[in-house]
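This note's numbering numbers the first residue of the sequence shown as -11 and each following residue consecutively.
Working notes for the structure below.
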Amino acid sequence: MASYNPPKTFDDLYNEMYESYMMDDHASMTAVDNILNRIINEEASSSHITRTKKKRENTERKREEGHKQIWNKQPNSQCTTTPPKVSDEKKIIPSHRPRS
């Protein structure tokens, strides 16, 4: 089972870079380059996540606003919630009209 390693913070990466720099050898300089690349990748990854999160929030907000507009929309003058009044004469079905 793979273990989860949370991304390192900028301070953690900086401390590793500083320790490698203090050793002052070729391997440490390579380590510094690797750490700088990791910092750049972490920043790129976090900014991508932030952009994706903002897009998702924007979409959800627009969807909610759309729902609010639909529910708060005022009905047209042609569109009424109550059916038009029908006179009593029209309510009688022609086949059941009493014969005169």
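We treat Cβ as the ideally placed atom computed from N, Cα and C, and that holds for glycine.
Look at K(-4) here: in three-state DSSP terms it is coil, with no helix or strand label.
The Cβ-Cβ distance between I28 and E4 does not fall below 9 Å.
Distance from the CA of N25 to the CA of D(-1), rounded to the nearest whole angstrom, comes to 15 Å.
One Cα belongs to N46, the other to S35, and the distance between them is close to 16 Å.
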